[in-house]
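Novice:
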Amino acid sequence: MLAGKRIVLGVTGGIAAYKSVELCRRLIDAGAHVVPVMTAGAERFLGTTTLSALASEPVRTRLWDDPETPIPHTKLGQNADLVLVAPATARIIGAYAAGLSTDLLTNVLLATRAPVVVCPAMHTEMWEHPAVVDNVATLRARGVHVVDPESGRLAGGDVGAGRLASPESIVAAVEAVLAPGDLTGQRVVVSAGGTREPIDAVRVLANRSSGKQGYALAAEAAARGAAVTLVSTVDLPTPGGVELVPVETADEMKSAMDRLAPTADVVVMAAAVADFRPADPSDGKLKKRDGVPVISLEPTPDILAGLGAAKPDGQVLVGFAAETDDLAANAAEKLDAKRLDLIVANDVSAPETGFAHDTNAVTILAPDSPACTVPLADKRTIAAAVFDRVVQIRSGG
Ligand code: PMT
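For the sequence shown, this note's numbering assigns the number 2 to the initial residue and increments by one for each residue that follows.
Shown next as structure tokens:
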């Protein structure tokens, strides 16, 4: 999503300036070209060396002494796909709202036509001051995207509203601003992770799914404007703006999906649901001294087949197929049997593909359409390819 996007990261003088380092790293990891600009205040909290080392270009701090770019305020702003200010102090918010160009960052903000994302961070008293409230409202009214601060621990031991939003929320906001917005207003439900079926009070029958592919799908749908609910068995950071429904077993996942799917526009089952579970799990812990237990298994409900049978008109239902051989033929059988609109087949025996990896390679199949192959890529890129196809189907393609 952020691959190749040029982002000016403005850092201003608050204690949260140190968090801009993590933010910069995450933007770089997502493929962005990050150009850092620090105010004099930010330099008091954070030297320029760290951000210069992590970002795509050295930190810029001054209007006047850059030999390569004699007019950095116009060039940086004109070339940016997005300007992000994190953290943004009351001073920078006030100067930007008033149209004052007092340093390089305020000059960039006034000279750019790119979208601007501002992430305030300050003490509660300052955040709630009527002047700051008015300035933030002015920026919002002009189309600036404001990522509200969170409540929590502040500098000096204070607690309250004003803590810089989490890096995940800020990156999600940046992605949402740059995304095509082609799922705006749509409800998307995604399942992620492997179900865990109890054997006894302490042991479970599980599988290798890490949830990474499901979380990437949820993050991608949210970035494209959808209202996303993620039904998950794993404990990964929830993507910004996504509602989480934690579950553990196939039965719990089925209840959640059956409740959420009827009103969804798009349903994606990326979870690895156990096909079998212990038929008679023990309430207590099975004792070693009683010898090796015999565990008989029974089938779990096929959640996706149930969703396919009850699919409302217009809904796009997407399944995944974890295969080790005859990828396309096996996936095509599941596409048909479960009455799906799309199936995303991954060869989980191939290198760097499927369970637990950061990358995947898939073949996307739809009824009566040629298969489309997405070569090895990070799971977010795979998610983008899946939703490109979903959007095509929803617009009649
Ligand atoms: O989580 P990661 O580590 O990132 O790994 C990603 C993944 C490999 C888990 C993912 O890409 C994937 O392939 N998910 C589906 C795994 C799977 O269960 O495949 P399957 O071929 O057994 O099932 C086909 C479809 O039916 C799946 O959409 C599955 O969610 C669904 N199913 C299966 C069994 C069952 N009882 N109920 C179901 O709904």
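Here a beta-carbon is modelled for each residue, glycine too, at the ideal position from N, C-alpha and C.
Is the closest heavy atom of the ligand PMT to the C-beta of Val160 under 7 Å?
Specialist: Within the sequence shown, the letter at position 159 stands for residue 160. Distances taken from the Cβ of Val160 to the heavy atoms of the ligand PMT include none shorter than 7 Å.
Novice: Is the number of C-beta pairs between the region 122-142 and the region 93-109 that are closer than 8 Å three or more?
Specialist: yes
Novice: Assign Thr50 to one of two classes, buried (16 or more other C-beta atoms within 10 Å of its C-beta) or exposed (fewer than that).
Specialist: As a working note, residue 50 is residue 49 in the sequence shown. Exposed: under 16 other Cβ atoms inside 10 Å.
Novice: Buried or exposed for Phe1, going by 16 or more other Cβ atoms inside 10 Å?
Specialist: It is not possible to answer for residue 1, since the shown part of the chain is limited to 2 through 398.
Novice: Within a Cβ cutoff of 7 Å, which residues of the same chain sit near Lys339, ignoring the five residues on either side of it in sequence?
Specialist: For the purposes of this step, residue 339 is taken as the residue at position 338 of the sequence shown. Cβ within range, chain order: Leu305, Ala306, Gly309 and Gly320.
Novice: Under the DSSP definition of a beta bridge, which residues are partnered with Arg290?
Specialist: Counting from 1 along the sequence shown, the entry for residue 290 is found at position 289. DSSP, once it has assigned bridges, lists no residue as partnering Arg290.
Novice: Would you say the region 39-56 touches the region 75-83, given that touching needs at least three Cβ pairs under 8 Å?
Specialist: They do not touch, by the three-pair rule.
Novice: For Pro168, report the span of its alpha helix (DSSP H) as first-last.
Specialist: One-based indexing of the sequence shown puts residue 168 at position 167. Annotation: the continuous alpha helix (DSSP H) that includes Pro168 extends over Pro168 to Leu179.
Novice: Determine the direct distance from the alpha carbon of Ala378 to that of Thr360, and round the result to whole angstroms.
Specialist: Here residue 360 refers to the residue found at position 359 of the sequence shown. Here residue 378 refers to the residue found at position 377 of the sequence shown. If I take the Cα positions, the gap works out to 5 Å.
Novice: DSSP three-state label for Glu129, please.
Specialist: Here the question's residue 129 lines up with position 128 in the sequence shown. Reduced to three states, the DSSP call for Glu129 is coil.
Novice: Looking at the structure shown, is Asn400 part of a helix, part of a strand, or coil, going by DSSP?
Specialist: The structure shown does not extend to residue 400, since the chain is modelled only from 2 to 398, so the question has no answer here.
Novice: I'd like to check one pair, Glu151 with Arg143: are the Cβ atoms closer than 8 Å?
Specialist: For the purposes of this step, residue 143 is taken as the residue at position 142 of the sequence shown. For the purposes of this step, residue 151 is taken as the residue at position 150 of the sequence shown. Contact flag unset, no.
Novice: On the DSSP bridge assignment, give the partners of His146 in chain order.
Specialist: Along the sequence shown, read from residue 1 onward, the residue named residue 146 stands at position 145. Its beta-bridge partners are Val118.
Novice: Say yes only if the C-beta of Leu305 is nearer than 7 Å to one or more non-hydrogen atoms of the ligand PMT, and no if none qualify.
Specialist: Along the sequence shown, one-based indexing puts residue 305 at 304. It does: the Cβ of Leu305 is within 7 Å (strictly closer) of some heavy atom of the ligand PMT.
Novice: Between which two residues does the alpha helix (DSSP H) containing Glu334 stretch?
Specialist: Here residue 334 refers to the residue found at position 333 of the sequence shown. Here the alpha helix (DSSP H) through Glu334 covers Leu328 to Ala338.
Novice: Can you tell me the Cα-Cα spacing of Gly215 and Val145, whole angstroms?
Specialist: As a first step, residue 215 must be located in the sequence shown, where it is residue number 214. As a first step, residue 145 must be located in the sequence shown, where it is residue number 144. Cα to Cα, the separation comes out at about 31 Å.
Novice: Secondary structure at Ser53, three-state DSSP: helix, strand or coil?
Specialist: Your numbering for residue 53 matches position 52 in the sequence shown. Of the three classes helix, strand and coil, the one that applies to Ser53 here is helix, per DSSP.
Novice: Quick one: complete beta strand (DSSP E) runs, 3+ long, within the region 219-252?
Specialist: 228-233 and 244-247
Novice: Kindly indicate the opening and closing residues of the beta strand (DSSP E) around Pro73.
Specialist: Along the sequence shown, one-based indexing puts residue 73 at 72. Taken as a continuous stretch (DSSP letters only), Pro73 belongs to no beta strand (DSSP E), being part of the alpha helix (DSSP H) at Pro73 to Asn80.
Novice: Whose C-beta lies closer than 7 Å to the C-beta of Ser170 among residues of the same chain, with five residues either side of it excluded?
Specialist: The count along the sequence shown starts at 1 and reaches residue 170 at position 169. Contacts found: Val148 and Gly241.
Novice: At the level of alpha carbons, what is the spacing between Pro352 and Leu101?
Specialist: Stepping through the sequence shown from its first residue, residue 352 is reached at position 351. Stepping through the sequence shown from its first residue, residue 101 is reached at position 100. Roughly 55 Å separates the two Cα atoms.
Novice: Less than 8 Å between the CB atoms is what I'm expecting for Leu261 and Asp201, so what's the real figure, rounded?
Specialist: Residue 261 sits at position 260 when you count from the first residue of the sequence shown. Residue 201 sits at position 200 when you count from the first residue of the sequence shown. Not a contact, Cβ separation roughly 30 Å.
Novice: For the candidate residues Val293, Ala271, Ala177 and Arg278, whose alpha-carbon lies nearest to that of Pro300?
Specialist: Counting from one through the sequence shown, the residue named residue 300 turns up at place 299. Here the closest residue by C-alpha is Arg278.
Novice: Grouping DSSP H, G and I as helix and E and B as strand, with all else coil, what is Ile344?
Specialist: On the sequence shown, position 343 is the one that residue 344 refers to. Reduced to three states, the DSSP call for Ile344 is strand.
Novice: Assign Ser350 to buried or exposed, taking buried as 16 or more other Cβ atoms, counted over all protein chains shown, within 10 Å of its Cβ.
Specialist: To locate residue 350, count along the sequence shown from 1; it is residue 349. Classified as exposed, Ser350 has fewer than 16 neighbouring CB atoms from the shown chains inside 10 Å of its CB.
Novice: Pull up the DSSP beta-bridge partners for Val375, would you.
Specialist: In the sequence shown, counting from the first residue as 1, residue 375 sits at position 374. Val363.
Novice: Based on DSSP bridge pairs, tell me the residues matched to Met270.
Specialist: Within the sequence shown, numbered from 1, the residue matching residue 270 stands at position 269. For Met270, DSSP records a beta bridge to Ser192 and Gly320.
Novice: Quick one: any contact between the region 14-24 and the region 183-198, if contact means 3 or more CB pairs under 8 Å?
Specialist: no
Novice: Please tell me whether, using a cut-off of 7 Å, the distance from the CB of Val189 to the nearest non-hydrogen atom of the ligand PMT is below it.
Specialist: If you number the sequence shown from 1, residue 189 lands on position 188. No - the ligand PMT has no heavy atom lying nearer than 7 Å to the Cβ of Val189.
Novice: Using the Cα positions of Leu179 and Glu221, report the straight-line distance between them to the nearest angstrom.
Specialist: Stepping through the sequence shown from its first residue, residue 179 is reached at position 178. Stepping through the sequence shown from its first residue, residue 221 is reached at position 220. Leu179 and Glu221 have their C-alpha atoms spaced approximately 12 Å apart.
Novice: Out of Gln187, Ala173 and Glu249, state which residue places its alpha-carbon closest to the alpha-carbon of Pro238.
Specialist: By 1-based counting over the sequence shown, the position of residue 238 is 237. Cα-wise, what sits closest to Pro238 is Ala173.
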